[in-house]
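What the sequence shown shows, in the numbering used here, is residues 53 to 286, in sequence order.
Below: the structure, in structure tokens.
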Amino acid sequence: MQLLKPENRKNNPLPLLAVGTFGLHVLTLLLLLFHGSMLQQLGRQLTPQSLVQLVDGRAITVDPEPNLERQPEAIRRFVGETMSLMLTWSDQQPPTQVWEITSQLVADNFQQKLQSEITNLNPDSQFENVNRGAESVLVIQKISQPTEIGNGQWKVEMFANQLVFSGYDRLGKSTSFNKQILVRAIDEPATSLPNAALPLQFAAYRLGEARLEIYNVCDIKDKNCSANPNQALP
């Protein structure tokens, strides 16, 4: 009966200890949440650079980039070198072989139209009927800075000329290739590197590592260059 007396209940420390312990747990939880939030903000502001080892053995550090972000120079390099590969061929490296390799850098639903554009660029250099000793090279005068036209999509203007030489015409024939070229970011590289790869295959593979693809080409004067690759080429 002594345990039930009011004075005994007032002197019992257990309720106070339980309340104090609960309050301490709540305070600890709030501190953990606060520190977690601070660490996330600090991580976003001070994300360390990543170490990347290149194929040639060199190691570089790079800043982390969102999946759809690309540096302007990476886009310009991709466009310039991809188009140069497509329009550079010879007896030893015929245009059919060049297209088979470099078309991996083009969106699937645009490949046929771009092949037709390249083939018709110079009637004397058809894919299936290349004169012996003929050669082609793309000479680029200017590639503009990329203009963002969508999330992970850019437009680049390129001013260039295709020079075609033949066995009997060593001065060559020049055809302008002034185009608006639309590129977009992709999740995975579209190119693969086979065993005993040719130099052209290796070059295309290295370009594919940028995870970009060409999905439309328009004439430089086309003011309505569509992001839809199914529109008719000019």
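Don't be surprised by glycine CBs; every beta carbon is placed ideally from N, CA and C.
With contacts defined as CB atoms closer than 7 Å, residue 212 and residue 192 qualify as a contacting pair. In the three-state DSSP reduction, residue 223 falls in the coil class, being neither helix nor strand. Taking a cut-off of 8 Å on C-beta distances, the stretch 249-258 touches the stretch 148-155, as three or more cross pairs fall below it.
Residue 210 is bridged by DSSP to 195, 231. Beyond the five residues adjoining it in sequence on each side, residue 198 comes within less than 6 Å, by CB distance, of 124, 127, 206, 208 in the same chain, given in chain order. At the C-beta level, residue 245 and residue 130 stay beyond 7 Å of one another. When secondary structure is reduced to three states using DSSP, residue 255 falls in the helix class. Rounded to whole angstroms, residue 237 and residue 134 show a C-alpha spacing of 15 Å. Membership of residue 268 in the beta strand (DSSP E) is indicated by the continuous run 264-271. A residue is called buried once 16 or more other Cβ atoms fall within 10 Å of its Cβ, and residue 273, having fewer, is exposed. A check of alpha carbon separations from residue 239 across 224, 271, 210, 159 identifies 159 as the nearest. Counting only the Cα atoms, residue 119 lies some 9 Å from residue 204.
Cβ-Cβ separation between residue 173 and residue 154: approximately 15 Å, too far for a contact (criterion under 8 Å). With distances taken between CA atoms, residue 166 lies nearest to 139 out of 139, 144, 196, 145. Excluding the 5 residues flanking it on each side, residue 260 has same chain C-beta neighbours closer than 8 Å at 156, 157, 241, 242, 243, in chain order. Of the other Cβ atoms in all chains shown, 16 or more fall within 10 Å of the Cβ of residue 231; this residue is therefore buried. DSSP, read as helix, strand or coil, puts residue 238 in coil. Measuring C-alpha to C-alpha distances from residue 186 to each of 229, 214, 235 identifies 214 as the nearest.
For the pair residue 266 and residue 235, the CB atoms are nearer than the 7 Å cut-off.
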